[in-house]
Amino acid sequence: MIRMIKPKPLLILITLFIYVTSCKDNTTTTSENDIATVSKAEEPQPKTKLSDDFKNYWYNGEAEITSYKLEQARYGEIREGQAVLVFVTEDFLPKEQVKANNYDETNTPILKFNTTKNFNTGIYPYSIMESTFYPVANNQHALKITASVQEWCGQVYTQVNNRNQFEVRSHSYFQGEADETFNVEKTWTENELWTKLRIDPQSLPVGELHIVPSLEFSRLHHKKLKAHNALASKTNDSYTLYYEDLNRTLKINFSPNFPFEILGWEETIVNGVGTNAETLTSKASILKSIKSDYWNKKSNADLKLRDSLKLH
Numbered sequence: 095m096i097r098m099i100k101p102k103p104l105l106i107l108i109t110l111f112i113y114v115t116s117c118k119d120n121t122t123t124t125s126e127n128d129i130a131t132v133s134k135a136e137e138p139q140p141k142t143k144l145s146d147d148f149k150n151y152w153y154n155g156e157a158e159i160t161s162y163k164l165e166q167a168r169y170g171e172i173r174e175g176q177a178v179l180v181f182v183t184e185d186f187l188p189k190e191q192v193k194a195n196n197y198d199e200t201n202t203p204i205l206k207f208n209t210t211k212n213f214n215t216g217i218y219p220y221s222i223m224e225s226t227f228y229p230v231a232n233n234q235h236a237l238k239i240t241a242s243v244q245e246w247c248g249q250v251y252t253q254v255n256n257r258n259q260f261e262v263r264s265h266s267y268f269q270g271e272a273d274e275t276f277n278v279e280k281t282w283t284e285n286e287l288w289t290k291l292r293i294d295p296q297s298l299p300v301g302e303l304h305i306v307p308s309l310e311f312s313r314l315h316h317k318k319l320k321a322h323n324a325l326a327s328k329t330n331d332s333y334t335l336y337y338e339d340l341n342r343t344l345k346i347n348f349s350p351n352f353p354f355e356i357l358g359w360e361e362t363i364v365n366g367v368g369t370n371a372e373t374l375t376s377k378a379s380i381l382k383s384i385k386s387d388y389w390n391k392k393s394n395a396d397l398k399l400r401d402s403l404k405l406h
């Protein structure tokens, strides 16, 4: 005969207390681990101390606009065209990740970098634009990067938002690329390095990097957006990235003196292997640079400013 032991009330209370306390402790531990994971995703470095020269140049209510003669490789040939780089400081809303209409101490000061490229492939034109929103503190990754490509076949668009991870949204008219949403682990991005260069070339990373290539490259070559291994090197007036697995080299030429103007660039890509390998190099060389509050220059009378930039 089995004797049933009746549990004592005190024992029941102790057991319940241990169970509830254990659940509470587990919940707290999980939350702390989540916070730790998020914070380790990107630990900000010390802010770059902005010089008086920087403040006087970039905080005078104008943008820097620079035009370039472009030689762009596309479909196995070099196409002549034009490129424009626009740098301007703005206040950025860190949560919404868009330009702030009004100043607020919670805004993030950024140096915005817009680049446009225009060239023709035979009868039809190509138009490419990328935007990078990079904190002037120069101590974390770009807050947002976008790219769009338009040509007569259709258009593609990619947006990267810097949150717990890089959140990517991509749209394309190509089969297999239509509408995609995915995350990429935070690491260096090629797009942000152009802006980092303008703030302080000495802060550019060198050596072996894990880096996401430019959105433009990924779109034009139908590559999944992800980080690749690259070797970065720097001289007094140039910065070079070499992606071995992509057979691609990017070299940015710049002035060694403030404001570290970008004088041009070269992008060399090798397609194929052996005797069938084809090497093409896209190039850009500076034409003219001006400072202007271009957003206020929108009348027909302002068209002469395009002439000053040698744009047509």
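For the sequence shown, my numbering assigns the number 95 to the initial residue and increments by one for each residue that follows. Idealized CB from N, CA, C, for every residue including glycine. This structure is a prediction, so every number in the text was calculated from the model and none was measured.
Measuring C-alpha to C-alpha distances from residue 235 to each of 197, 322 and 204 identifies 204 as the nearest.
The region 345-362 makes contact with the region 373-393, as at least three CB pairs between them are under 8 Å. Taking every protein chain shown into account, the CB of residue 225 has 16 or more other CB atoms within 10 angstroms, so this residue is buried.
Using a C-beta cut-off of 8 Å, the region 277-290 makes contact with the region 300-320, since at least three inter-stretch Cβ pairs fall below that distance. The beta carbon of residue 194 lies closer than 8 Å to those of 184, 185, 186, 187 and 201 in the same chain, with the five residues before and after it left out. Every alpha helix (DSSP H) of 4 residues or more that sits fully in the region 297-361 is shown, in chain order, as 309-314. The three-state reading of DSSP puts residue 402 in helix, counting H, G and I together.
Contact check for residue 381 against residue 403 passes: the beta carbons are separated by less than 8 Å.
Separation of residue 389 and residue 368 (C-alpha to C-alpha, rounded to the nearest whole angstrom) is 50 Å. Across the structure, residue 310 and residue 218 are spaced so that their CA atoms are roughly 19 Å apart. Counting other Cβ atoms within 10 Å of its Cβ, residue 190 stays below 16 and is therefore classed as exposed. Counting the other CB atoms within 10 Å of its CB gives residue 216 a total below 16, which places it among the exposed residues. In this structure, residue 385 sits near residue 156, with a CB-CB distance shorter than 8 Å.
In this structure, residue 254 sits away from residue 266, with a CB-CB distance that is not shorter than 8 Å. Three or more beta-carbon pairs drawn from the region 288-301 and the region 316-334 are found closer than 8 Å, and the two stretches are therefore classed as touching. Out of 300, 144 and 159, the CA that lies nearest to the CA of residue 399 is found in 159. The three-state secondary structure of residue 149, taken from DSSP, is helix. Burial is judged here by how many other beta carbons sit within 10 angstroms of a residue's own beta carbon; residue 393 has fewer than 16 and is exposed. Rounded to the nearest angstrom, the Cβ distance from residue 322 to residue 271 is 19 Å, too far for a contact under 8 Å.
Secondary structure at residue 293: helix, using DSSP grouped into helix, strand and coil. Here the C-alpha atom of residue 147 lies approximately 8 Å from the C-alpha atom of residue 353. DSSP, reduced to helix, strand and coil, places residue 366 outside both helices and strands of the structure shown, so it counts as coil. Between residue 212 and residue 175, the C-beta spacing is below 8 Å.
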